[in-house]
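Following: one structure in structure tokens, then a few remarks.
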Amino acid sequence: MHDTRPNQEHYSFANAPVPDEIPDASLAFLKAYTGEQNLNALKERVFDIWRESRERLHVYKCVQTLMFLEPRITKHSLYPTILQSFQQAQKSNLPPPRILDAGCAYGTDVRALIHHGVPASQIAASDLHDGYWKLGQRLYNDSERIHAVKTTFGDMAVPAGAVGAVEASSIEPLTYIAASAVLHVFSAAQCEAFLRRILSLLEFKGIFLGTCVGALQEGEWRRGRANEGNAGSVVRYLHSAKSLKALMEQIGFVDVKVESHGPEDPTASDDPVKKIWIEFQGKKP
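The opening position of the sequence shown corresponds to residue 2 in the working numbering, with each subsequent residue numbered one higher.
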């Protein structure tokens with residue numbers, strides 16, 4: 002994630018919520034994970050984190066609209082299989098699998114894995130910097146609970162060894178790498194570099210999975226004010242399901258599955274780019 006604070010006036014969704022406007026339903030996971038039953042207290046905590054994020058860090062739509070409160074990995078069709086593999090390893094003498102949340106942000110998907118029984122010691126998290134991760138520790142109030150999660154911060158959209166590249170030796174080998182809502186913040190070149198790095202980090206038959214915003218027709222995404230500052234100077238590239246599958250196979254993934262899941266935002270009728278949600282997975286041969 003980019004760490005340059007943008008001009009808030011460039012955002013059509015930049016109006017700050019107030020605690021009373023935070024829907025109760027959006028607090029479901031935070032309530033379940035923390036055990037805090039006082040919804041007003043949770044709303045105040047969320048608002049404080051949101052406000053600090055807006056003041057200190059780069060603002061993405063998922064931050065502005067509080068989408069970070071809901072796990073994304075749990076919605077992936079492969080998630081039950083992932084949980085089952087960890088459960089089977091715990092019951093046997095087989096080496097346990099390891100999973101990396103790439104582009105972890107506040108670490109909501111990491112908490113979902115822990116909440117569903119995956120040992121923290123088998124989870125790793127990475128992002129461009131640790132700003133969101135540190136705020137996530139305050140949001141979930143769980144520093145002790147996640148202390149065994151290995152973290153590494155740096156750029157994963159550049160080759161290993163490049164200036165600023167993420168140092169991954171401490172988190173390998175990796176059975177699974179999940180990237181939720183990450184690919185669509187990249188340019189075409191960055192996306193390809195990111196996928197190549199992901200493939201290199203996976204163990205034999207390891208699986209890469211995730212979701213992202215895509216488009217019915219792949220191409221650069223330029224949308225004037227709404228896209229200005231949204232990812233620094235990077236011109237985003239949105240893949241179609243077909244183009245993402247082709248790119249993953251070209252890079253070397255096998256058993257690639259890419260599916261579209263309807264419009265990303267059904268209310269955005271004025272957007273000339275017909276955006277869709279994409280779910281993907283691929284295996285290292």
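Here a beta-carbon is modelled for each residue, glycine too, at the ideal position from N, C-alpha and C.
Return the Cβ separation of residue i and residue j in integer angstroms, given the expectation that the two are a contact with Cβ distance under 8 Å.
{"i": "I199", "j": "A103", "result": "7 Å"}
{"i": "T35", "j": "L70", "result": "Actually they do not touch by this definition, with Cβ atoms about 12 Å apart."}
{"i": "Q65", "j": "R99", "result": "Wrong, their Cβ atoms sit about 33 Å apart, outside the cutoff."}
{"i": "K275", "j": "A216", "result": "6 Å"}
{"i": "S146", "j": "A121", "result": "Residue identity differs from the one stated: residue 146 is Arg in this sequence, not Ser. Yes, they are in contact, since the Cβ atoms of R146 and A121 sit about 7 Å apart, within 8 Å."}
{"i": "E280", "j": "E260", "result": "5 Å"}
{"i": "A158", "j": "Q191", "result": "4 Å"}
With 16 as the cutoff for other CB atoms within 10 Å, does residue i come out buried or exposed?
{"i": "R112", "result": "buried"}
{"i": "L95", "result": "exposed"}
{"i": "Q88", "result": "exposed"}
{"i": "R57", "result": "exposed"}
{"i": "P72", "result": "buried"}
{"i": "S241", "result": "buried"}
{"i": "S144", "result": "exposed"}
{"i": "G132", "result": "buried"}
{"i": "T176", "result": "buried"}
{"i": "A194", "result": "buried"}
{"i": "G263", "result": "exposed"}
{"i": "G283", "result": "buried"}
{"i": "V150", "result": "buried"}
{"i": "P286", "result": "exposed"}
{"i": "H77", "result": "buried"}
{"i": "V255", "result": "exposed"}
{"i": "V214", "result": "buried"}
{"i": "V119", "result": "buried"}
May I have the straight-line CA-CA distance separating residue i from residue j, to the nearest angstrom?
{"i": "G155", "j": "W134", "result": "13 Å"}
{"i": "Q1", "j": "S181", "result": "No statement about residue 1 is possible, as the shown extent of the chain runs from 2 to 286 and does not include it."}
{"i": "G253", "j": "S93", "result": "31 Å"}
{"i": "P160", "j": "R197", "result": "8 Å"}
{"i": "D128", "j": "S244", "result": "25 Å"}
{"i": "A232", "j": "L239", "result": "Any reading at A232 needs caution, since the residue's pLDDT is 46, under 50, leaving its predicted position unreliable; the model's value is listed next. Using only the alpha carbons, I get a separation of about 13 Å."}
{"i": "W278", "j": "H185", "result": "10 Å"}
{"i": "T153", "j": "A163", "result": "15 Å"}
{"i": "E204", "j": "E22", "result": "45 Å"}
{"i": "A179", "j": "S54", "result": "23 Å"}
{"i": "D25", "j": "L40", "result": "7 Å"}
{"i": "W222", "j": "H59", "result": "19 Å"}
{"i": "E37", "j": "M68", "result": "20 Å"}
{"i": "K62", "j": "V183", "result": "12 Å"}
{"i": "A247", "j": "S201", "result": "18 Å"}
{"i": "H148", "j": "H116", "result": "14 Å"}
{"i": "L84", "j": "L101", "result": "14 Å"}
{"i": "P174", "j": "P97", "result": "11 Å"}
{"i": "F187", "j": "S27", "result": "27 Å"}
{"i": "L114", "j": "V235", "result": "31 Å"}
{"i": "T75", "j": "A90", "result": "20 Å"}
{"i": "K32", "j": "L43", "result": "8 Å"}
{"i": "G220", "j": "A189", "result": "8 Å"}
{"i": "P81", "j": "A29", "result": "20 Å"}
{"i": "R237", "j": "E45", "result": "34 Å"}
Across which residues does DSSP place residue i in a beta bridge pair?
{"i": "W278", "result": "V214"}
{"i": "L196", "result": "None, per the DSSP bridge assignment."}
{"i": "T153", "result": "S127"}
{"i": "K284", "result": "I208 and V255"}
{"i": "S188", "result": "Partner(s): none; S188 has no beta bridge."}
{"i": "G220", "result": "L239"}
{"i": "L136", "result": "BP columns for L136 are empty, so no partner."}
{"i": "E177", "result": "Note on identity: in this sequence residue 177 is Tyr, with Glu being the wrong assignment. In DSSP, Y177 forms a bridge with I100 and I208."}
{"i": "L40", "result": "Looking at the DSSP assignment, L40 forms no beta bridge with any residue, so it has no partner."}
{"i": "E260", "result": "E280"}
{"i": "A169", "result": "DSSP, once it has assigned bridges, lists no residue as partnering A169."}
{"i": "L203", "result": "L175"}
Establish whether the CB of residue i and some CB of chain C are separated by less than 8 Å.
{"i": "Q65", "result": "No chain C is part of this structure, which consists of one protein chain only."}
Notebook entry, point to check: Are there three or more Cβ pairs, one per stretch, closer than 8 Å when the stretch 206-223 is compared with the stretch 163-173?
Noted result: The stretch 206-223 and the stretch 163-173 do not touch, with fewer than 3 CB-CB distances between them shorter than 8 Å.
- Query: With a cut-off of 8 Å, do at least 3 Cβ pairs link the stretch 43-58 to the stretch 133-140?
  - Reply: Result yes; three or more Cβ-Cβ pairs closer than 8 Å.
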